[in-house]
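Numbering (the numbering used here), first residue to last: -9 to 263.
This is the structure in structure tokens:
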């Protein structure tokens, strides 16, 4: 049974930031940019968020982007030395700064002289103390970012680690986003690599559980999907808004797979073309 359209919109709108430039896809700029425009104008383009680009590749983007195309950017900055690119964005009318993501070694994020309405996230260093870092993120007035996958097994956090991150963000009223490894809706083991992937639908439902004061671990361990579908079917538009005020979205180098998963689960409508 399809999820209520209003709830689906509230739950999935702008959920997926376009990370086509990043591994494992690593599309060339002249492929990633027109691909983003095509995805944006597709029937499910409402699910697409920012176009993610490292600050070090901004000039490449500007040289490749067509003159008549505008773009909402999510800038990824590894170090304070990258801050100069913010002025470049301001000077280019085609570009709108829609988000900033700071690397785990960035340093003091209070040095950012940007509009506080622009969502900004600091990536958590998974080798460090989670609570201390979330406390600092809260003090700095930014959101948290967790890497949920990569090119090796160790890049994927355990269920307990992800649950602690979600619970910690909810307890501190922190918005958060994730990146990598979330190509599919439901948690699974990748047949080719053997890596244990989390599912973005699991994370949405886990956030819902944490907001209700429950342990998010159960939602994160669901690999069948029936429980997740039941949970989503009971979510109201107000619930969906609360979930997304906490879990802002995630970066993915693919767009078709998460869309196809949601269509297959009956949670959004399929394409008519």
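Glycine included, every Cβ here is placed at the ideal spot set by N, Cα and C.
For residue i, three-class secondary structure by DSSP
i, result
"residue 112", "strand"
"residue 235", "helix"
"residue -9", "Low local confidence applies: a pLDDT of 36 at residue -9 is under 50, so the model's placement there is unreliable, with the coordinate-based value given in what follows. In the structure shown, residue -9 sits in coil (DSSP, three-state: anything other than H, G, I, E or B)."
"residue 3", "coil"
"residue 211", "helix"
"residue 78", "helix"
"residue 176", "coil"
"residue 263", "Residue placement at residue 263 cannot be trusted, given a pLDDT of 42 that sits under 50; the coordinates are not used to answer."
"residue 141", "coil"
"residue 63", "strand"
"residue 188", "coil"
"residue 201", "helix"
"residue 124", "helix"
"residue 55", "coil"
"residue 27", "helix"
"residue 227", "helix"
"residue 32", "coil"
"residue -3", "helix"
"residue 248", "helix"
"residue 104", "coil"
"residue 183", "coil"
"residue 15", "coil"
Cutoff 8 Å; reference residue i; Cβ partners in own chain excluding five residues on either side
i, result
"residue 247", "173, 174"
"residue 197", "156, 160, 206, 233, 236, 237"
Endpoints, the alpha helix (DSSP H) within which residue i is located
i, result
"residue 220", "216 to 224"
"residue 158", "149 to 161"
"residue 257", "Segment: none, residue 257 is in no alpha helix (DSSP H) and carries neither H nor E."
Best match in the options for proximity to residue i [C-alpha to C-alpha]
i, options, result
"residue 6", "128, 212, 34, 231", "34"
"residue 210", "121, 187, 228, 1", "187"
"residue 47", "22, 198, 118, 225", "22"
"residue 0", "249, 232, 140, 240", "232"
"residue 152", "195, 182, 142, 110", "195"
Short CB-CB distance (under 9 Å) between residue i and chain B
i, result
"residue 214", "No chain B is present in this structure, which holds just one protein chain."
Beta-bridge partners of residue i, as assigned by DSSP
i, result
"residue 166", "134, 237"
"residue 8", "41, 242"
"residue 91", "66, 111"
"residue 85", "61"
Contacts around residue i, its chain only, beta-carbon distance under 7 Å, and the 5 residues preceding and following it disregarded
i, result
"residue 25", "10, 17"
"residue 30", "38"
Same chain, Cβ closer than 6 Å to residue i, five either side skipped, listed in chain order
i, result
"residue 36", "3"
"residue 45", "65, 67, 72, 75"
"residue 251", "174, 175"
"residue -4", "227"
"residue -8", "Caution is warranted here: a pLDDT of 43 is assigned to residue -8, below 50, making its placement in the model unreliable, and no coordinate value can be reported."
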